[in-house]
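Quick note on the numbering used here: the sequence shown kicks off at 2 and runs consecutively.
Glycine is no exception: its CB is placed at the ideal position from the N, C-alpha and C atoms.
Every value quoted in this text rests on a predicted model; they were computed, and no experiment measured them.
As structure tokens, the structure follows; a few thoughts come after it.
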Amino acid sequence: MAMYSDKKNMKINDNWIFYKEGQKAEIITLPHDAMLYETRDARCHNAENTGYFPGGKYVYEKVIRFSEEDITGKNIQLYFEGVYQKAKVYCNEVFIVSHEYGFTPFYADITDAVKEEDNHIKVIVDNSLEPNCRWYTGSGIYRSVHLFIRNKNYIDDVKVHTVSIDPPVIHIDAYPVENCDLTCRIYGEDIDFTIPLKLIYGTHYAGEAELSNVKLWYPDSPNLYNCTVKSTTDSMDVRFGIRTIKCSAESGFLINNQRVLLRGGCIHSDHGILGACSYRDAEFRKVKILKEAGYNAIRCAHNPACNDFLDACDELGMLVMDEAFDGWYIPKTYHDYSRVFHDNWRDDIKAMVRTGYNHPSVVIQSIGNEVTESVDDKGILLAKEMAEYLKQLDGTRPVTAAINVLLNVYTRMGFGVYKETKEYTAEKLPPKKEGYVEKKTGSAFFNATVQKLGPLMFFMSKGRRGDNAIKKVAEYLDILGLNYAASRYDEDTAKYPDRVMVGAETIIRELPYNWERVKKYPSVIGDFAWAAWDYLGEAGIGDYMYHSYSGLPLLAGSGTIDILGNIGAEAVFQQIVWGLRKKPYICVSPLNHSGEIPKKSAWRFTNGINSWNWPGYIGKKTQVEVYSDADRVRLYLDERLVDEKKVKEYIALFNIRYVPGVLRAVAVYDDHEEETSLASGSGKMSLQSQVIYEGEELIFIEIIAKDEKNLHLPVAENHIRIQCEGDVDLVGLGSARTKTDESYLSKETHLYQGRALAILRKKDTYKKLPVVNVEWE
């Protein structure tokens, strides 16, 4: 067992003992999602919220051995990046700390409880009360744990922000535990210098520095620098970018005095077939793909982002709206955070701000999502208090809240979707008599309503009722976030000329209308589509669900990027609307479901696939969609003109029967043409597996069905088995199928639309890429 002498900060993810109450213990490596190991149950109270995964009560234990040198005169803390939820931490049977919220990091100071030699750490996690969230949360210690061994007078925090860019000036704040002399080194490309920090009050030190020969941080050029604050007993390193944020109805949203239109998308924090497990490699891969898909901004819905995700956004140039809460004191699910909100919200906002402060990617902070409390005096005063508190902690970023106007209108009329329960007991609900029956209340009711009304929501948020439902809370927000209420843009721009608005959550099909307003009005700073990346839970909310698939609903199905990281048709549609792509794009309704009528959703306007390779379906009817910003599109099959159609809101539709050949779309402009094509293949299938991303810890391997012409075969839904030879562990295997009973922890799965993904974790002895054998039938 390793001794920890001379180690200041290290991850301690290895060799934890894990068990569920009443079950056998096993040795695991963090991050760990205990929910993913549960048996899905159609009658569990979590229901569609978590994809029918139940929760539980879990225990994590670890032995840490310290030498006398480790503990003498030292401060020793554990830092948990994320535990879902209701964590209690013990050291040597001494209670140290509890933490309710499952989405914010926290410290456990074990200084007074440690001893020389072996120390027993125990973490009890209680996610047994269901339901407690509207989406898949995972359970347990799903992010990394760190051990800090520092001198008693350690530096607790360092904050850096940009004062100006012409000239470039930065301000540094440092907070040692006790007063001491501090120096600050700023270094990076072409700069390296030291400045003293002066005592301001208490143990708060500060200083400013004018910089030269530096490069600013932009989304397209994310330049970063380093700051090290040092005393005689400790040092702290942080990374920062030099950038300013300004936001006004007159000038719009400005990064370094340049207007930026936010091409945004909303994401949840899970990682698909990894469950809730947050690996640094997975966070970086996710941001990289989002960037490639055309996004320049991400809303972290509806909980604070982790540090690794923000590091990726800093390095790759992605703007972030960080969000504190999904709700406030009115429950959205029976056992949710609302029950402890008043006791904890300040600490959790503080944790969010501390995590994000030095990250230049974080440009907006949100205090809540669809908080219907914002219609009455009590909630409006709370919004004011929360916004003011957030500004005290961080006055460098604008504050927003994502308000669903329709839900606020309903609430003012007395039949709100979310209702405050008069009496609450923290006890398990009685067993459900029936399973997999959607309950039309709460979020499920709203989702069902939107699926039916879809485009009509646009009109339902307009007018006097909508205005009265939001105007008071808007006074306390720097930016008014509007969910599904783009119909207010024209009206409010005229009525409230100083109001800044953002489409905090929008339907993708409405992007053409929304984006015209973003371009037209500086006061409308961007659009965040639901959802950029598919996710676990809210099962079936955004899916084109075919009844021919068996199993419980698992995924939302609403992502422009599927859970494997494949960029879909809706993402390309966005690129064309945003003006990032001129080449037309073809997608085809799945011919292997020709004649079936899927259950559709307002959050998804197509299930088209970018392929004309459908062996076995000759003569079957399908719909071809062509996305373009041209006025007209011609469609050809083997040089025969199928039809010419007028493009309506960036889409031209063609009905056609499948015949193998080359399908070609030509976008016709006044002065030129743009074209693209898809080809058919032989139909003889083979499976290919290839590394598509390798990080420090994880390897992502795509398994894809192709034919002899190397063309993707989306009809392939074969059963596959995977075996890995080498110093790796298989930590995830699955497809993007939204309705399934298959486990991501198995070595077997089925292809979906001709694809699957395997994720391998490297062992300490890892030296080279493993041999991966895929069998199929």
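State the start and end residues of the unbroken beta strand (DSSP E) segment that holds residue i.
i: Val786; result: As shown, the chain starts at 2 and ends at 778. That puts residue 786 outside it, with no answer to give.
i: Tyr694; result: Ser687 to Glu695
i: Ile705; result: Leu699 to Lys707
i: Ala680; result: Glu674 to Ala680
i: Glu749; result: Glu749 to His751
i: Ile28; result: Glu27 to Ile29
i: Ala757; result: Arg756 to Lys763
i: Phe574; result: Element bounds for Phe574: not the beta strand (DSSP E) but the alpha helix (DSSP H), Ala570 to Trp579.
i: Asn10; result: Asn10 to Lys12
i: Asn152; result: Val146 to Asn152
Can you give the Cα-Cα distance for residue i and residue j, rounded to whole angstroms?
i: Asn224; j: Ser213; result: 14 Å
i: Asn515; j: His272; result: 29 Å
i: Ala557; j: Ser551; result: 16 Å
i: Ser339; j: Cys134; result: 10 Å
i: Glu697; j: Asp282; result: 7 Å
i: Phe104; j: Val692; result: 31 Å
i: Leu291; j: Gly560; result: 11 Å
i: Asn180; j: Ser232; result: 10 Å
i: Val261; j: Glu428; result: 48 Å
i: Ser129; j: Gly735; result: 26 Å
i: Lys216; j: Met237; result: 23 Å
i: Ile721; j: Ala277; result: 24 Å
i: Thr677; j: Arg635; result: 11 Å
i: His751; j: Ala505; result: 36 Å
i: Glu118; j: Leu31; result: 23 Å
i: Ile201; j: Val164; result: 18 Å
i: Ala388; j: Asn304; result: 16 Å
i: Asp765; j: Ile196; result: 41 Å
i: Arg465; j: Val376; result: 14 Å
i: Trp108; j: Ile156; result: The sequence given here places Tyr at residue 108; Trp does not occur at that position. Approximately 15 Å, taken between the alpha carbons.
i: Ala706; j: Asp499; result: 54 Å
i: Ile652; j: Ser524; result: 28 Å
Strictly by DSSP, which residues pair up with residue i?
i: Leu320; result: Ala298
i: Ser290; result: Per the sequence presented here, residue 290 reads as Ile, with Ser not at that position. BP columns for Ile290 are empty, so no partner.
i: Gln724; result: Asn774
i: Leu664; result: Leu638 and Leu679
i: Thr401; result: Ser367 and Ile480
i: Asp158; result: Tyr176
i: Phe605; result: In the sequence as presented, Phe is not what sits at residue 605; that position holds Arg. Paired residue(s): Ser602.
Helix, strand or coil: how does DSSP classify residue i here?
i: Ala388; result: helix
i: Cys314; result: helix
i: Ile18; result: strand
i: Val95; result: strand
i: His548; result: coil
i: Ala653; result: strand
i: Asn258; result: coil
i: Tyr338; result: helix
i: Thr623; result: strand
i: Phe285; result: helix
i: Gly273; result: helix
i: Asp378; result: helix
i: Phe460; result: helix
i: Asn50; result: helix
i: Leu263; result: strand
i: Asp38; result: A quick correction: the sequence has Tyr, not Asp, at residue 38. If DSSP states are grouped into helix, strand and coil, Tyr38 belongs with the helices.
i: Leu537; result: strand
i: His594; result: helix
i: Leu556; result: strand
i: Asp309; result: helix
i: Lys768; result: coil
Can you name the start and end residues of the alpha helix (DSSP H) that residue i belongs to?
i: Asp348; result: Phe342 to Gly357
i: Trp777; result: It is not in any alpha helix (DSSP H) - Trp777 instead sits in the beta strand (DSSP E) that spans Val772 to Trp777.
i: Tyr411; result: Val406 to Arg413
i: Glu428; result: Segment: none, Glu428 is in no alpha helix (DSSP H) and carries neither H nor E.
i: Val732; result: Segment Val729 to Gly735 is the beta strand (DSSP E) holding Val732; no alpha helix (DSSP H) there.
Can residue i be considered in contact with the ligand NAP, in the sense that its beta carbon sits closer than 6 Å to one or more heavy atoms?
i: Lys434; result: For the ligand NAP, the structure offers nothing, since it holds no ligand at all.
- Hey, which unbroken runs of the alpha helix (DSSP H) at 4 residues or more fall wholly within the stretch 462 to 534? The DSSP assignment places 464 to 475, 489 to 496 and 512 to 521 as complete runs of the alpha helix (DSSP H) inside the stretch 462 to 534, in order along the chain (cut-off: 4 residues).
- Task: Enumerate, from N- to C-terminal direction, the unbroken alpha helix (DSSP H) stretches of 4 or more residues contained entirely within the stretch 55 to 123.
- Result: Listed in chain order, they are 69 to 72.
- Item | Runs of beta strand (DSSP E) wholly within the stretch 163 to 247 (minimum 3 residues, chain order) | Whole beta strand (DSSP E) segments, 3+ residues: 169 to 177, 184 to 189, 192 to 197, 199 to 202, 205 to 211, 226 to 231 and 236 to 241.
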